[in-house]
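Take 7 as the starting number for the sequence shown in the numbering used here and just add one per residue.
Each residue gets a CB set at the ideal place from its N, CA and C atoms; glycine is no exception.
Reviewing the structure listed below.
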Amino acid sequence: MHKKLIVFLIFFLGVMQITCGQEIQFKTTTPLRAGRQMAGAVVLGDYLYVISGNVDGMGYSNSVEMAKINPDGTLGEWKNTTPLPTDRSYIDNSTLVLNDIVYVVAGKHGSLEKRTNTIYWTRPLPTGELEPWRESFPFPGNGVQCAPAVATQGYIHLLGGLESNSVSDKVWAAKVGGDGSIISWEEENPLPTPLWYHNAGVAGGRVWVWGGLINIDSSPTDNITPQRAVYFAPILPSGKLGAWMQSPNSLPKGFFCTSSTVSGPFLLSFCARYGTLLVSNDIWFANVTKEGISNWTCQPSNIKARLYICLATDYRRGIVYIPGGRIKRDDFVFDNNVYYVKLASGQKEDDKTDAAVTMDQSAQQKTGSTLSYMTQAKETVSSRAGFLPYNQAQYLVTQQSKPLAIYFCSAKAKKCQEQDRVLSGLNLDSHSGKVVFAMVETSQFPQIAQQHGVFRVPVWIFYDVSGVEKIRKDGVLQPVEIDEALKQVAP
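In structure tokens:
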């Protein structure tokens, strides 16, 4: 497994020789017009957006900047776009994209010293400029900051965070409507322990939480103890989360105040902070597998900013951007550099047709009504008889309490073409009315595949009537194998 992680890091850097402990070299591109910390950042289409936070010379700011991404990954000039209604900070891990919509979840209203319990959201115009921001209604609990948020099919989950005088273990699920609005809040299974300044990500059909702090300690010493525990919860077919469990593979060294992302099956944390005074530019990563999670590995980097950073992952181009941050804890020197590193798939040319879905996302620019969540909402007929579009299947499963079989495929994958030939001769009549069948084209809906932990296709996932994943099979299934799996979930 260690060799596999090192190979991934070779591809992650896009270079051919690197060993454990060697410094990861980030490049820099067009700097921000002013240093910025505690902000959020996302990539949408051809633009990088940096959102709110604390700006050098301005203090807490609701401003939003955007820069066009060039074909080589460098950035054009920065310019302002539609600002937030109010400033938000400590939002690096709670600013996310769900299809073509940007969500800023909770965070601190710095100018009022108030923690928030709403979501700001918007989407880009064809020019890249952002539409006016909308605000959700609040969740019933207290406002929080330093809390990560993740997206699953149909939901955004807010995990823990720092309240006014305490640390929260609450998990709130915001149900997302067809137009991207938040239509309800639901309280889910709490985290195993209260946490803030922690990381979270979706991989392998599970939501992962790692690192962070359990107590409030503002003393200027290094007496705090960051958490080493790693927790996970399965993603149910409804998009909600199951019960939390603890992974046996803890962090070798606890850290907090990191910005995190997911690349394929890998969880990554950037600029680990080990104590009140001990900041770093270390990058930690681990590989999520069917069995669980690998050991964690640490690599240093050349990033000058070491705390209060934010990051944005461009999955289409395979690039991670880190705009701004702060260089030292004990002074207010903000960094206006924009760091970036290119991810490489590391695949052989003849293997690309069955590539990981995170590398299989279309490079075609998607804007407006062509984006996947709108396409999925409008889709009424699946391309294969007997199979429903994903959203329709989810609705039917919820209404009728039936088992679910999901087939993930890509028209470009040779094995999926082979599976299609098998399906052409498959008679599903014996299971009609007992099981709901759904098909997901991963090149059209990569986010659904990512949320289910599908990185290569074809993949079949079978859920029982309670929504519990019972069987996951990779590769081409023959009729007898499909029939046997269906009998297990619908005897």
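Just the C-alpha distance for residue i and residue j, rounded to the nearest angstrom, thanks.
i	j	result
Gly331	Lys33	16 Å
Pro254	Val236	8 Å
Ser256	Ala292	11 Å
Ser351	Asp78	With a pLDDT of 48 at Ser351, under the threshold of 50, the modelled position of that residue is not reliable, and the figure given next carries that caveat. Taking the straight line from one Cα to the other gives about 16 Å.
Gly248	Leu273	20 Å
Asp426	Ala399	19 Å
Ala45	Ile477	41 Å
Gln423	Ala417	7 Å
Val347	Ile325	6 Å
Glu297	Val208	15 Å
Helix, strand or coil: how does DSSP classify residue i here?
i	result
His458	coil
Arg427	helix
Tyr314	coil
Asp489	helix
Asn293	strand
Cys415	strand
Ser117	helix
Glu355	With a pLDDT of only 34 at Glu355, under 50, the local geometry of the prediction cannot be trusted, and the value read off the model is given with reservation. Glu355: helix per DSSP, three-state reduction.
Asp435	helix
Pro271	coil
Gln151	strand
Pro1	Past the boundaries of the shown model lies residue 1; the chain is included only from 7 to 497, so the question cannot be answered.
Leu483	coil
Can you list, in chain order, the residues of its chain with a C-beta nearer than 6 Å to that of residue i? Leave out the 5 residues immediately preceding and following it.
i	result
Asp288	Ala278, Cys304 and Pro306
Phe338	none
Asp357	Note that Asp357 has pLDDT 41, beneath the 50 cutoff, so the model's placement of it is unreliable and no number is given.
Arg121	Lys114, Gly149, Val150 and Gln151
Phe443	Gly392, Phe393 and Ala411
Glu192	Ala179
Which whole-angstrom value is the C-beta distance of residue i and residue j, which I expect to be below 8 Å?
i	j	result
Gly62	Ala40	The question names Gly, but residue 62 is Asp in the sequence shown. About 5 Å separates the two Cβ atoms, so the contact holds.
Ala491	Phe468	5 Å
Val213	Ala239	5 Å
Ala311	Ile333	6 Å
Thr158	Gly245	5 Å
Trp290	Phe261	7 Å
Asp175	Pro146	Incorrect: roughly 15 Å between the Cβ atoms, too far for contact.
Gln456	Ile241	Contact flag wrong, Cβ pair sits at about 11 Å.
Val441	Val486	The pair is not a contact, with the Cβ atoms about 16 Å apart (cut-off 8 Å).
Using a Cβ-Cβ cut-off of 8 Å (strictly less than) and excluding sequence neighbours within five positions of residue i, which residues of its own chain qualify?
i	result
Lys85	Glu71, Met72 and Ala73
Ile125	Tyr109, Val110, Val111, Ala112, Glu141, Ser142, Ile162, Ala180 and Ile188
Asn68	Ser58, Pro89, Leu90, Pro91, Thr92, Asp93 and Arg94
Asp52	Lys74, Ile75, Gly134 and Gln371
Pro138	Thr88 and Thr128
Leu102	Val48, Val108, Tyr109, Val111, Ala155, Val156, Ala157 and Ile162
Which stretch, first to last residue, makes up the alpha helix (DSSP H) that contains residue i?
i	result
Thr404	Tyr396 to Gln406
Over the uninterrupted beta strand (DSSP E) stretch that includes residue i, give me the two end residues.
i	result
Ile325	Ile325 to Pro329
Arg212	Arg212 to Trp216
Ile75	Val70 to Ile75
Tyr280	Note, Tyr280: premise wrong, no beta strand (DSSP E); not H, not E.
Asn478	Looking at the sequence shown, residue 478 is not Asn but Arg. Arg478 -> beta strand (DSSP E) spans Glu475 to Asp480.
Ala249	Careful: Ala249 lies outside any beta strand (DSSP E) and carries neither H nor E.
Lys348	Val344 to Lys348
Cys304	Thr303 to Gln305
Asn221	That residue, Asn221, is in no beta strand (DSSP E); it is neither H nor E in DSSP.
Phe143	Neither: Phe143 is in no beta strand (DSSP E) and is coded neither H nor E.
Leaving out five residues on either side along the sequence, give the residues of the same chain with a beta carbon under 7 Å from the beta carbon of residue i.
i	result
Trp202	Cys152, Ala153, Gly166, Gly167, Leu168, Val173, Gly218 and Leu219
Phe340	Gly41, Arg42, Gln43, Asp62, Gly330 and Arg332
Tyr1	Residue 1 lies beyond the residue range present for the chain, which begins at 7 and ends at 497; the question has no answer from this structure.
Pro196	Asp175, Lys176 and Val177
Ile454	Gln159, Tyr396 and Val446
Is residue i close to the ligand ZN? I mean its beta-carbon at under 7 Å from any heavy atom of the ligand.
i	result
Gly211	Among the components of this structure there are no ligands whatsoever, and the ligand ZN is therefore not found.
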